[in-house]
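Trainee:
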Amino acid sequence: MDQNEPQDFAGLDGVALVTGGSGGLGSAVAVMLARRGADVAITYRNNADRAAEVVAAIEATGRRGSAHQLVADDAEGAAALVEEVSADGLHTLVHAAGPLIPQRHLSRINPGDLTPQMTDEIAGFFNVAQPALPHLRRSKGSIVAITTAATRRFPVRDGLSAAGKGAVEQLCWGLAAEEGRFGIRVNCVGPGMTTAGMAQDLTASGDLAEVDFAAATANIPLKRFGDAADIAEAVCFLASTRAGYISGQHLAVDGGYGV
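In case it helps, UniProt numbering puts the sequence shown at residues 1 to 259.
(1) Considering just the uninterrupted stretch of the beta strand (DSSP E) at V71, what are its terminal residues?
(2) F237: which of V82, V253, I220, K223 sits nearest, CA to CA?
(3) For G26 versus A228, is the C-beta distance shorter than 7 angstroms?
(4) Suppose contacts are defined by Cβ-Cβ distances below 7 angstroms. Is V168 in contact with E233 by that definition?
(5) Report the residue ranges of all alpha helix (DSSP H) runs contained in full by the region 61–119; include only those spanning at least 4 residues, in chain order.
(6) I143 and residue 275 - do their beta-carbons sit closer together than 7 angstroms?
(7) Touching or not, the region 12–23 and the region 132–152, by the rule of three or more beta carbon pairs under 8 angstroms?
(8) Name the one or two DSSP bridge partners that G190 has.
(9) Can you give the Cα-Cα distance for R185 and T241, rounded to whole angstroms?
(10) Is it right to say F154 is buried, meaning 16 or more other beta carbons lie within 10 angstroms of its own, or is it exposed?
(11) Would you identify the three-state DSSP class for G226, choosing helix, strand or coil?
(12) Just checking, does the region 68–75 make contact with the region 39–52 on the three C-beta pairs under 8 angstroms criterion?
(13) Among A57, V189, A75, G20, which has the Cα closest to the Cα of G98?
(14) Could you pull out every unbroken beta strand (DSSP E) segment of at least 3 residues lying fully inside the region 120–166, listed in chain order?
(15) Can you tell me which of M193, R181, R152, A145 puts its alpha carbon nearest to the alpha carbon of C172?
(16) Between I246, G174, G226, which has its C-alpha nearest G255's C-alpha?
(17) What's the C-alpha gap between S247 and G180?
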């Protein structure tokens, strides 16, 4: 382990829970939390093998790790999972889960496809966040939701993602306003184009091609994509007590795309 790695979560009671911890961004967050002193539980939807690899990486840091299958719209299952992983306390909730969003102009989206996408986004967050509140109140803990830079500057063909994650952000602002009196902080990290996470999946599905990446790069002042570590760094900072007076904020990690 890097001796210069900050140990922001060392000594805290309980665990950090990362939804979508088997994904490109979620796994990077989970391992960085572990490197910084947290025991980490992750959720996954289908990829048990990848989840096991992430748990192994967590445990290689000397911290405890566990993986739990979770379906976004299973409210009872989410509540039971939160109770299970929070048996010894919960100090951090990171929401990194989300459905694969097809890249389409809004005029080409079938209205019937909207509801399942929105349900996955909104229920996937709230079904875990709501039962986590009593535990986070006790620890005066933190919620960080990974959303998107698209809620600040609209990227053409990314309307489904902007809409769903915009709804998650509104829930975060509500929780920040209502739960601050209990010491809970709630923030969002909005990734721009990255080399990990959904961009990989969209390339594999054919939704994004080289011409799309070139156009995206042209709109980024730093003229490059970010990586999973960039997102994880922002998440871990906002979750830590170093950000102890920051709540209700959206931190865009987008290379300047939003300016």
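Just so you know, even glycine gets a beta-carbon here, dropped at the ideal spot from N, CA and C.
Mentor: Judging by the given coordinates:
(1) It is not in any beta strand (DSSP E) - V71 carries neither H nor E in the DSSP assignment.
(2) V253
(3) Going by C-beta atoms, G26 is not nearer than 7 angstroms to A228.
(4) no
(5) 75–85
(6) There is simply no residue 275 to check, as the chain begins at 1 and stops at 259 in what is shown.
(7) yes
(8) A252, per the DSSP bridge assignment.
(9) 10 angstroms
(10) exposed
(11) Reduced to three states, the DSSP call for G226 is strand.
(12) Note that the region 68–75 touches the region 39–52; at least 3 beta-carbon pairs, one per stretch, sit closer than 8 angstroms.
(13) G20
(14) Annotation: the region 120–166 contains the following complete segments of the beta strand (DSSP E) (minimum length 3 residues), in chain order: 142–146.
(15) A145
(16) G226
(17) 8 angstroms
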